[in-house]
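Asker: This is the structure, below, for whatever I ask next.
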Amino acid sequence: MINSLKWLGINWDEFYRQSERTEIYKKYLEKLLKEGMAYISEELEGNSKSVIRLRNKNKKISFDDLIRGKIEFDTTELSDFVIAKNKETPLYHFAVVVDDSEVGVTHVIRGEDHISNTPRQILIQEALGLPRPIYAHIPLILGSDRSKLSKRHGESSVMKYKDLGYLPEALVNFIAFLGWNPGTEKEIYSMEELIKDFSLKKIQKSGAIFNIARLDWLNKEYIKKADPDELKEWIEPYIPKSNSKIINLLKERINKLSDIKNLYEASELNYFFKQPEYEKEKLLWREEKDLINTKNILEKIIEIIKSVDAKNFTQENIKTVIWPYTEEKGRGNVLWPLRMALTGLDKSPDPFRVLEILGKIEVLKRLEYAKMKI
RNA sequence: GGCCCCGUCGUCUAGCCUGGUCUAGGACAGCGGGUUUUCAAUCCGUUAACUGGGGUUCAAAUCCCCACGGGGUCACCA
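For the first sequence, the working numbering assigns the number 376 to the last residue and increments by one with no breaks.
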């Protein structure tokens, strides 16, 4: 959890570990015992022979929730509930109540699943004579079946999303918008902007389904506007050899960083690194039946490309010299076999971008190879 | 089952408090199209919702009641 928070860029000012605070809890427990607000109860069932129970006054408790308004409970059904196994081992409800007070917590903001825990915590507070913090119970994040999000719905921890190549900024932005909305049409929010605009008053009451398609879209937005150097750093682990040109091309085609790995393993990116294999009939554009025509076109393309200086082998320059020929022969007739010779794929990026990435020598090699196949 | 919370497009939501401006707005996804050599990207367009029933009112998505539906919680866990 600590690692997850750090990754998300959520920081804290103070940190407490309950296991290091047993002396504090013990003091409060003894106070309750002494005042008769709690008692040691001999048990017939359970794990220990005796436990500490709170003397429940069996009254109605109501509290004002910042999000839901007034909530009322009859605490009779709670009976004299257990607050500690013994003086050295308090239970959660007791420990949090003590901690909140000791540490000066003013607002308790937590999931809706804690609503029914609230009355028993209030009962402990009152027995201890401690002030009641302000409560705000926020809606739960739901799985696709509308039940509380859990392992069986998908990834079990925040760090899994890191591993999948989601950016922390995107996840934060996404989660913030689950149950909250600024009331404007702004969708992309940085942490700073969230801190500035977020308000409990605008929080929704009902739970929100974790919709991965929307996270993917948001993540893509963040990838698109990422700093090139940073992006390079993120992408490197997912693709063996790459450069800024390949990365630029890749970033339009992925939702999350790990998509690159999938693209690569599905051999769709191999053409960047080695001569692709394909059937020679693949070189034919749509209605074209005659491989000889295609061979002639390839020959002409080679001739044109040879005329481009290797030092100025940019997509713009190449396009300028090839374009008149595509106008003459029909774009598909020229560009389809060109692209196929370079990538060997039915679907791939624009041949001009690939040309620039591969460089003059490799391009000519592949074109000769295609010609030779025919 | 008891108690508690919730209920607007498939999803996230705006609107609800302070009824009329809501023939219910936006975004994601979907679908259709433009651009284009294919894909991606991009641009444009489009399908789709007030859970139901009563009531209050000249007027209800908005206020009230009931029903139904969904969820949470019922530990010597946290």
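For each residue, glycine too, the CB sits at the ideal point set by N, CA and C.
1. At the level of alpha carbons, what is the spacing between Leu-151 and Arg-134?
2. Compute the Euclidean distance between the alpha carbons of Pro-326 and Lys-297, then round it to the nearest angstrom.
3. DSSP three-state call for Asn-2: helix, strand or coil?
4. At a cut of 8 Å, does the region 205-225 reach the region 171-189 through at least three beta carbon pairs?
5. With a CB to CB cut of under 7 Å and the five nearest residues on each side skipped, what residues in its chain are close to Ser-6?
6. Can you name the start and end residues of the beta strand (DSSP E) that Asp-76 belongs to?
7. Between the region 347-358 and the region 315-323, are three or more C-beta pairs nearer than 8 Å?
8. Just how far apart, CA to CA, sit Leu-233 and Asn-264?
9. Could you have a look at Phe-176 and say whether DSSP puts it in helix, strand or coil?
10. When the distance is taken between beta carbons, is Leu-340 closer than 7 Å to Ile-303?
11. Taking the C-alpha atoms as reference points, what is the distance between Tyr-30 and Val-100?
12. Contact check, Glu-47 vs Lys-62 under 8 Å by CB: the rounded distance?
13. Please give the ranges of any alpha helix (DSSP H) in the region 192-227, keeping only runs that are unbroken, at least 4 residues long and fully inside the region.
14. Check whether the Cβ atoms of Tyr-68 and Leu-202 lie closer than 7 Å to each other.
15. Would you report the Cα separation of Arg-288 and Met-342, rounded to the nearest angstrom?
16. Throw me the rounded Cβ distance for the Leu-35 and Ile-126 pair, which I believe falls under 8 Å.
17. Taking the alpha carbon of Asp-261 as the reference point, which residue from Leu-369, Trp-236, Lys-8 and Glu-301 has its own alpha carbon closest?
18. Are the CB atoms of Leu-347 and Leu-300 nearer to each other than 7 Å?
19. For Val-53, name the three-state secondary structure that DSSP assigns.
20. Looking at Glu-104 and His-139, is the spacing between their C-beta atoms short of 7 Å?
21. With a Cβ-Cβ cutoff of 7 Å, do Ala-40 and Ile-26 count as a contact?
22. How many angstroms separate the CA atom of Asn-191 from the CA atom of Ile-136?
23. For the region 116-124 against the region 75-86, do three or more pairs of beta-carbon atoms, one drawn from each stretch, fall closer than 8 Å, so that the two count as touching?
24. Let me check understanding here. Comparing Cα to Cα, which of Ser-52, Asn-49 and Ser-81 lies closest to Asn-60?
25. Helix, strand or coil, according to DSSP, for Val-98 in the structure here?
26. Identify whether Tyr-280 lies in helix, strand or coil by the three-state DSSP scheme.
27. Roughly how many whole angstroms lie between the Cα atoms of Gln-277 and Leu-344?
28. Whole angstroms are fine: how far does the CA of Asn-245 sit from the CA of Glu-16?
29. Taking the alpha carbon of Ile-85 as the reference point, which residue from Val-107, His-109, Ala-129 and Gly-167 has its own alpha carbon closest?
30. Where does Arg-134 sit, in a helix, a strand or coil, going by DSSP?
Answerer: Looking at the atomic coordinates:
1. Roughly 29 Å between the two C-alpha positions.
2. Near 18 Å, if we compare the C-alpha coordinates of Lys-297 and Pro-326.
3. What the structure shows of the chain is the stretch from 3 to 376, and residue 2 is not part of that stretch, so it cannot be assessed.
4. Yes, the region 205-225 touches the region 171-189.
5. Cβ within range, chain order: Ser-159, Val-160 and Met-161.
6. Unbroken beta strand (DSSP E) run through Asp-76: 71-76.
7. As far as the Cβ criterion goes, the region 347-358 touches the region 315-323, which means the pair count is three or higher.
8. About 18 Å.
9. Secondary structure at Phe-176: helix, using DSSP grouped into helix, strand and coil.
10. For Ile-303 and Leu-340, yes; Cβs fall inside 7 Å.
11. Separation of Tyr-30 and Val-100 (C-alpha to C-alpha, rounded to the nearest whole angstrom) is 8 Å.
12. The pair is not a contact, with the Cβ atoms about 29 Å apart (cut-off 8 Å).
13. With a minimum length of 4 residues, the continuous alpha helix (DSSP H) runs that stay inside the region 192-227 are 193-199 and 214-226.
14. Looking at the sequence provided, one finds Leu at residue 68 rather than Tyr. Yes, they are a contact pair.
15. Whole-angstrom Cα-Cα distance: 13 Å.
16. Actually they are not in contact, since the Cβ atoms of Leu-35 and Ile-126 sit about 13 Å apart, beyond 8 Å.
17. The residue with the shortest Cα to Cα distance from Asp-261 is Trp-236.
18. No, Cβ-Cβ distance for Leu-347 and Leu-300 is not below 7 Å.
19. Val-53 falls in the strand class under three-state DSSP.
20. No, they are not a contact pair.
21. Ile-26 sits away from Ala-40, with the two beta carbons spaced by 7 Å or more.
22. Correcting the residue type first, residue 191 is Tyr in the shown sequence and not Asn. For Tyr-191 and Ile-136, the distance between alpha carbons rounds to 27 Å.
23. By the Cβ test, the region 116-124 is in contact with the region 75-86, since at least three Cβ pairs between them sit closer than 8 Å.
24. For the residues Ser-52, Asn-49 and Ser-81, the minimum Cα distance to Asn-60 belongs to Ser-81.
25. The answer is helix: DSSP assigns Val-98 an H, G or I state.
26. Coil, per DSSP.
27. Going from the Cα of Gln-277 to the Cα of Leu-344 covers about 8 Å.
28. Glu-16 and Asn-245 have their C-alpha atoms spaced approximately 43 Å apart.
29. When the alpha-carbon of Ile-85 is set against those of Val-107, His-109, Ala-129 and Gly-167, the nearest one is in Ala-129.
30. In the three-state DSSP reduction, Arg-134 falls in the coil class, being neither helix nor strand.
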